[in-house]
Amino acid sequence: MTLYERIYFVIRQIPHGKVATYGQIARIVGACSPRMVGYALAALQSGSDTPWQRVINSQGKISLRIDEIENNLQQLLLEAEGVTFDEKGKTDLQQFGWEGVTWEWLNKHNMLNYEN
DNA sequence: CTGATGACGGTGC
DNA sequence: GGCACCGCCATCA
-1 MTLYERIYFV IRQIPHGKVA TYGQIARIVG ACSPRMVGYA LAALQSGSDT
49 PWQRVINSQG KISLRIDEIE NNLQQLLLEA EGVTFDEKGK TDLQQFGWEG
99 VTWEWLNKHN MLNYEN
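Counted the way this note's numbering counts, the first sequence spans residues -1 to 114.
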């Protein structure tokens, strides 16, 4: 199982209507750097079953490349799930932030070898 | 094997 | 709040 696959696996645990940050995903899978998460998502191709739209940066903002179409799509998908954005495109992590996985979940999937 | 390529985060100014 | 660094390393050509 590659690091990318672990990252996608964790992202699929994010519930509907919640969002997680890159750093949060990184800590869960044990990636030394949050960049790995971003890189994994960048390598993701459209048509994947991974809810990539629920992953945003630590400031609660959508952080995509210079692709406005995909950028708007991400916000659209999240708003369809009930996540709201302010006029600056920021979402309230206190309200919509994901709590993360449980210790039991990590143990169940043998991810304790990597961190936590 | 080597080098290029990246959806970030924290810190300091 | 914004900006410039720096750390970070799996994947691919």
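Ideal Cβ placement from N, Cα and C applies to all residues, glycine included.
Exercise. Do the CB positions of L76 and Q92 come within less than 8 Å of each other?
Worked result: Contact: no.
Exercise. Which residues bound the alpha helix (DSSP H) around A24?
Worked result: Start and end: Y20 to V27.
Exercise. If you check the beta carbons only, do A38 and I12 fall under 8 Å apart?
Worked result: No; because the gap between Cβ atoms is not below 8 Å, this pair is not in contact.
Exercise. So, using beta-carbon positions, are N55 and S46 closer together than 8 Å?
Worked result: Not a contact, by the Cβ cut-off of 8 Å.
For this session: Can you tell me which of the three DSSP states V35 falls into?
Result: Reduced to three states, the DSSP call for V35 is helix.
Exercise. How close, in whole Å, do the beta carbons of K16 and W96 come, if the pair is a contact with beta carbons under 8 Å?
Worked result: Yes, they are in contact, since the Cβ atoms of K16 and W96 sit about 4 Å apart, within 8 Å.
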